[in-house]
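J.:
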Amino acid sequence: MSALISTRTALALLVLGLLATFPLWGSAYFVGRVFSPALFFGIAALSLVLLAGYGGMVSLAQMTIFGLAGYGYGVLTVTHGQPWWVGILGGLAAATLAAFLFGLVAVRTQGIYFLMITLALGMVVYALANQNRSVFGGHTGILGIRAPELGGHLLTERALFYEVCLVTAVLSYLGVRYLLRTPFGLALQAVRDNPRRLAALGYHVALHRLAAFTLAGFLAAVGGLLGVWYNGAISPTAIDVTRLINVLVIAVIGGLASVEGAFLGALAFILVTNFASSFTERFNTVIGLTFLAIVLFSPEGLSGLAARPVEVLRRWRGRRWRASDTLDVRQAVGRQDE
């Protein structure tokens with residue numbers, strides 16, 4: 001077991017090292033157009049994995065919260081001329097507050113009703129953003145959004161932005177992993193498995209759901225800030241029904257029950273979207289077929305496929321150890337017979 005853990009740790013460090021140095025040896029296209037958006041969309045998908053995979057709440061409002069963070073930053077920095085740090089705090093606060101309010105409405109429902117309520121809330125925000133010009137800029141949205149500066153360099157410089165996305169994604173990943181091991185995280189998983197039993201034990205099920213929804217909203221908001229810096233603009237198309245469903249597709253492709261799967265799914269989705277749109281006008285069909293193939297052949301998503309070699313290695317080592325133990329026993333019995 002310790003050998004397996006050390007192997008996983010070594011593999012994780014290797015992957016992290018390759019990702020950290022990717023701008024030095026990877027192509028500029030992949031750094032700027034593939035991996036950077038995969039990281040901030042992965043953070044948004046991570047918020048859904050936390051809710052759906054570990055809380056039993058399939059939300060279609062995560063991209064709405066993602067977009068509201070971008071709108072908050074744009075309104076404060078472009079419309080009102082506030083500094084970037086005010087925009088960051090305001091965008092995070094506005095999106096997290098929206099998540100809290102959405103949660104108040106949705107958390108007392110379950111299953112398809114929860115999904116439909118979050119979809120309806122997302123559509124309400126989309127309609128408001130599309131029609132309101134004074135705050136949201138109407139159909140055009142808010143243009144000319146500038147990213148913060150870091151050491152005299154704009155955060156949107158390709159390599160710098162990628163590194164910021166990577167650090168943010170790693171911190172988000174570690175934060176969720178830690179949260180799931182805390183008493184709150186364990187209680188949240190119990191809420192997913194048997195909410196009635198947990199309520200009978202004295203836990204406030206709705207409060208746990210609301211807290212999880214709010215925390216997931218904060219995660220989506222973090223991804224939304226990175227997204228608006230990347231695009232330099234925000235419009236209602238960022239929160240339309242297609243975007244709401246896309247994040248669910250990303251999470252399912254990666255694996256709804258896997259924290260790592262959020263980023264694997266985002267990377268696969270960005271790759272398919274970018275390259276399929278270059279070769280065919282029916283790239284949505286390609287995405288749909290990719291989604292269908294993964295669901296049919298690996299219900300655990302890409303993370304399940306990635307885990308299979310590790311599982312094979314563990315079984316091989318287990319058989320090897322058992323064979324070694326059997327040989328030792330036979331040798332010991334043979335000595336006793338002599």
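Under the UniProt record's numbering, the first residue of the sequence shown is numbered 1, with each subsequent residue one higher.
Glycine is no exception: its CB is placed at the ideal position from the N, C-alpha and C atoms.
1. Consult DSSP for residue 153 and reduce its assignment to one of helix, strand or coil.
2. I'd like the list of long-range same chain contacts for residue 56, defined as Cβ closer than 6 Å, with 5 residues on each side in sequence excluded.
3. Please state the DSSP three-state secondary structure of residue 145.
4. If you pair each beta-carbon of the region 253 to 273 with each one of the region 31 to 50, do three or more pairs fall below 8 Å?
5. For residue 234, list the residues DSSP reports as bridge partners.
6. So what does DSSP say about residue 110, is it helix, strand or coil?
7. Is the separation between the beta-carbon of residue 291 and that of residue 252 shorter than 8 Å?
8. Could you pull the start and end residues of the alpha helix (DSSP H) that residue 243 belongs to?
9. Please state the DSSP three-state secondary structure of residue 208.
10. Quick one: is residue 357 buried, meaning 16 or more other Cβ sit within 10 Å of its Cβ, or exposed?
11. Going straight from the alpha carbon of residue 65 to that of residue 243, what length do you get?
12. For a test of the three-state rule: what should DSSP assign to residue 96, helix, strand or coil?
13. Here's the rule: buried if 16 or more other CB atoms are within 10 angstroms of the residue's CB, otherwise exposed. What is residue 145?
14. Could you check if residue 355 is buried or exposed, using at least 16 other CB atoms within 10 Å of its CB as the buried criterion?
15. What are the boundary residues of the alpha helix (DSSP H) that residue 57 is part of?
16. Hey, out of 42, 50, 293, whose CA is closest to residue 209's CA?
17. Are the beta-carbon atoms belonging to residue 45 and residue 216 less than 8 Å from one another?
18. Within 10 angstroms of the Cβ of residue 260, are there 16 or more other Cβ atoms? Answer buried if so, exposed if not.
19. Evaluate contact between the region 124 to 136 and the region 187 to 206, counting only Cβ atoms and requiring at least three cross-stretch pairs below 8 Å.
20. What residue range is occupied by the uninterrupted alpha helix (DSSP H) comprising residue 178?
21. Who are the near neighbours of residue 250 in its chain, counting only those whose CB is closer than 6 Å to its CB and skipping five residues on each side?
22. If you check the beta carbons only, do residue 110 and residue 220 fall under 8 Å apart?
23. Roughly how far, in whole angstroms, is the beta-carbon of residue 229 from the beta-carbon of residue 155, given that I think they are within contact range, below 8 Å?
24. Once you ignore the five residues that flank residue 258 on each side, which residues in its own chain have a CB closer than 6 Å to its CB?
25. Whole-angstrom Cβ separation of residue 293 and residue 286, contact assumed at under 8 Å?
26. For residue 36, which of helix, strand or coil comes out of DSSP?
T.: Put simply:
1. strand
2. 192
3. coil
4. yes
5. 142
6. coil
7. yes
8. 241 to 254
9. helix
10. The structure shown does not extend to residue 357, since the chain is modelled only from 1 to 338, so the question has no answer here.
11. 12 Å
12. helix
13. buried
14. This structure does not reach residue 355, given that the chain is present from 1 up to 338, and the question cannot be answered.
15. Per DSSP, residue 57 belongs to no alpha helix (DSSP H) and is neither H nor E.
16. 50
17. no
18. buried
19. no
20. 158 to 181
21. 45, 265, 266, 269
22. no
23. 6 Å
24. 303
25. Wrong, their Cβ atoms sit about 11 Å apart, outside the cutoff.
26. helix
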